[in-house]
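Reviewing the structure listed below.
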Amino acid sequence: MKKIKSYINCCLLVVIICMTYSCSRFDEINTNPDSATTATPGMLATGQLKETLRIGGKSDPKGYFYDMFLTKMISWHEGAEDSRKVQYNRINTTGFGVYNSLTNCLKMVELASDVDKEAYQGLALFIKVFRLYDTTMSLGDIPYSDALKGEEGNIKPKYDTQKEVFVQMLDDLDASYTHFSNATRNFDGDFVYGGDPEKWKRAVSALQLRILMSLSKKEKEAELNVKQRFTAIVSQQVLFESNADNFQLVYGTLSSQLYPLYLSRFNFYSGVSVTIIDTLKKYQDNRLFFYCNPAKAQTKAGIPDEDWDAYLGIDPSRVYSEILDLYTADSISNINSRFFEIDNCQPTIQMGYAELNFVLAEACLRGWIDGDANSYYHKGIEASMNFAATYTPLAYRHNREITDDYIQSFLDKPELQLGAKESTFENDLNKVLTQKYLDLFMHNTYTCYYDFRRTGYPKLPVNPSTNMNTVPDKMPMRWRYEQREYDFNRENLEEAIQRQYNGNDDWNELMWILK
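Pasting the structure below:
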């Protein structure tokens, strides 16, 4: 589980910056990573990638759903109040547990041979940025330039401003791309791209473009050079070319490799939201049948699985007693059975080809790059549909198909075109980010939350009568810093809170990137 449990079991930043641990390869089961007596760069790379790609908790499948509560993709029907808080926008704190893991990036580079050092340096910088991007997007100012220096005696790192963090992250990704370009051979420990530096360059480019798009409100900041950086990456660097390039975690059939929801008892509590179901029905999008099960009440009434009317979404902002009544009456569609019946179900995408195309479509709309926004938009939808078709066996398609002919006919629909005469920038942006939202269902959905904060799209339901945010008609804008950091690095933390939020560490304060 990512932010929701706030890294409760992680050590303090003061301690974790000094700590290291080792992890085993993803495909090595029944091996205790803590029992290794000699770490290798490959072992450490494997551990870092596992930590980076994992969504949800290691042993709690329910954690996999938590991200989708805040993004309103899933409504939860278990009954336990703690399980419902995030659904109703009650978020708490998040901490710095990520720094514990990142110390292994330093060790990985330190142990690398001269011939492999460039590749491992590229990987270390990529992972550092990928993970700390999420941390700064959650909180605002964080330690960056002063972080990971515990062995140098710096156990109370200062906080960089969020602007400084973004400048450094972009510089680090430039360096990462250069390191991978200089690498002369594949490196060990990489179960994602087989250690191929050329494929890693594509991932670096995708992360650069994701981060630059998140800075759309700061387009005029000269020091960031957002538009020019974006244009240069698209024109000069290699990019994802298909779903085969996705930065994703592929599951297996062995006990340590199973899809997180496989045979989980929690799956039946997950009702799919109207934000997913009603949108798919609106466009007559066959992904509905690949994402969801029909509501049992509808099939009992004789409505066939392949009928659009068999699928009933739920507004997750409704009064919980009303949701529970509908759940008890079998009048809410659940996630597709493949998610809990197939041991290796589908890869979990942290950053994919479809998302990249939606980012490029938005960049065209903003005038950052030349090109056809509609073409990128359609490529994103096509990639998302192809992914769903690839990982949904025939028995789970509810008598519907997604074929090349179907995709083409779908993309020809007038309502799925950008740049129509009556269109506005806002309408087209809403279309792009809505399709991005549909694509990220059951994947890295916090990207959608960040888009919502930045643009207001896609529209997410907020009900003042059920909203647990302190501002009842709004979504929360950030997490609070955890108490442990107040206890052990108070002076630096309070300085950061004062300059950002006038001393008010509150969920509704706007961080720099949103101003």
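With mature numbering (1 follows the signal peptide of the UniProt record, and there is no 0) as the guide, the letters of the sequence shown map in order to residues -27 to -1, 1 to 488.
Even glycine gets a Cβ: it sits at the ideal position worked out from N, Cα and C.
1. How close, in whole Å, do the beta carbons of I287 and L299 come, if the pair is a contact with beta carbons under 8 Å?
2. Where in the stretch 367 to 405 do unbroken runs of the alpha helix (DSSP H), each at least 4 residues long, occur, reported from the N-terminal end onward?
3. To the nearest angstrom, how far is it from the Cα of N436 to the Cα of G68?
4. Pull up the distance between the alpha-carbon of N65 and that of W452, whole angstroms please.
5. CA-CA distance, F99 and Y106?
6. Just the Cα atoms here: how many angstroms apart are I206 and G162?
7. Report buried or exposed for K90, applying the criterion of at least 16 other Cβ atoms within 10 angstroms of its Cβ.
8. Output needed for L26: all residues of its chain with C-beta closer than 6 Å, excluding positions within five of it in sequence on either side, in chain order.
9. Just to confirm, is the Cβ distance from D169 to N155 under 7 Å?
10. Excluding the 5 residues flanking D473 on each side, which residues of the same chain have their C-beta closer than 6 Å to its C-beta?
11. Should residue 505 be labelled buried (16 or more other beta-carbon atoms within 10 Å of its own) or exposed?
12. For E314, which option in G167, G325, Q271 and P366 has the closest C-alpha, if you only look at C-alpha atoms?
13. In the DSSP assignment, what are the bridge partners of C265?
14. Quick one, which of K172, E196, R202 and K80 has its alpha-carbon nearest Y326's?
15. On a Cα-Cα basis, can you pick out the residue from G392, V102 and T272 that is closest to D144?
16. In chain order, what residues of the same chain have a beta carbon less than 6 Å from the beta carbon of A356, not counting five sequence neighbours either side?
17. Could you tell me the distance, in whole angstroms, from the CA atom of C(-5) to the CA atom of V71?
18. Would F383 be called buried (16 or more neighbouring beta carbons within 10 Å of its own) or exposed?
19. With H, G and I counted as helix, E and B as strand and the rest as coil, what does DSSP make of Y454?
20. So F99 is in the alpha helix (DSSP H); what residue range does that whole segment cover?
21. Is the stretch 239 to 254 touching the stretch 40 to 51 in the sense that three or more CB pairs, one from each, lie closer than 8 Å?
22. Residues bridged to G244 by DSSP?
23. When the Cα atoms are used, what is the spatial distance from D218 to G20?
24. DSSP three-state call for L75: helix, strand or coil?
25. Can you give the Cα-Cα distance for D7 and L231, rounded to whole angstroms?
26. What whole-angstrom Cβ distance do Y235 and S310 have, given they're in contact under 8 Å?
27. I need the DSSP call for Q209, collapsed to helix, strand or coil.
28. Could you name each continuous alpha helix (DSSP H) segment of 4 residues or more that falls completely within the stretch 177 to 206, going from the start of the chain to the end?
29. Between Y364, E458, S86 and Y454, which lies nearest to M110 when the distance is taken from Cα to Cα?
30. Does DSSP put Q21 in a helix, a strand or coil?
31. Which complete alpha helix (DSSP H) runs does the stretch 330 to 366 hold, if anything under 4 residues is left out?
32. What residues in its chain sit with their C-beta under 6 Å from that of C421, if we drop five residues either side in the sequence?
33. Taking a contact to mean a Cβ-Cβ separation below 7 Å, would you say Y61 touches M441 in this structure?
34. Hey, is the stretch 372 to 389 in contact with the stretch 333 to 342, meaning 3+ C-beta pairs nearer than 8 Å?
35. Can you give me the Cβ contacts of L84 inside the same chain, cut-off strictly under 8 Å, excluding the 5 residues immediately before and after it?
36. Between which two residues does the alpha helix (DSSP H) containing Q471 stretch?
Looking at the coordinates:
1. 6 Å
2. 377 to 384
3. 28 Å
4. 6 Å
5. 11 Å
6. 27 Å
7. buried
8. L222 and Q323
9. no
10. Rather than Asp, the amino acid found at residue 473 in this sequence is Gln. For Q473, where only same-chain residues beyond five positions count, the Cβ hits under 6 Å are G113 and D114.
11. The displayed coordinates of the chain run from -27 to 488. Any statement about residue 505 would go beyond what the structure contains.
12. P366
13. I308
14. K172
15. V102
16. N216, Y326 and A327
17. Low per-residue confidence applies at C(-5): pLDDT is 33, beneath 50, and the placement is therefore not dependable enough to give any value.
18. buried
19. strand
20. K90 to L112
21. yes
22. S48 and N307
23. 20 Å
24. helix
25. Any answer about D7 is weak, because its pLDDT of 43 lies below 50 and its placement is not dependable; what the coordinates show is given next. Distance between the alpha carbons of D7 and L231 is about 21 Å.
26. Actually they are not in contact, since the Cβ atoms of Y235 and S310 sit about 11 Å apart, beyond 8 Å.
27. helix
28. none
29. Y454
30. helix
31. 346 to 363
32. T44, Y410 and L413
33. yes
34. no
35. A12, T13, P14 and L17
36. R463 to Y474
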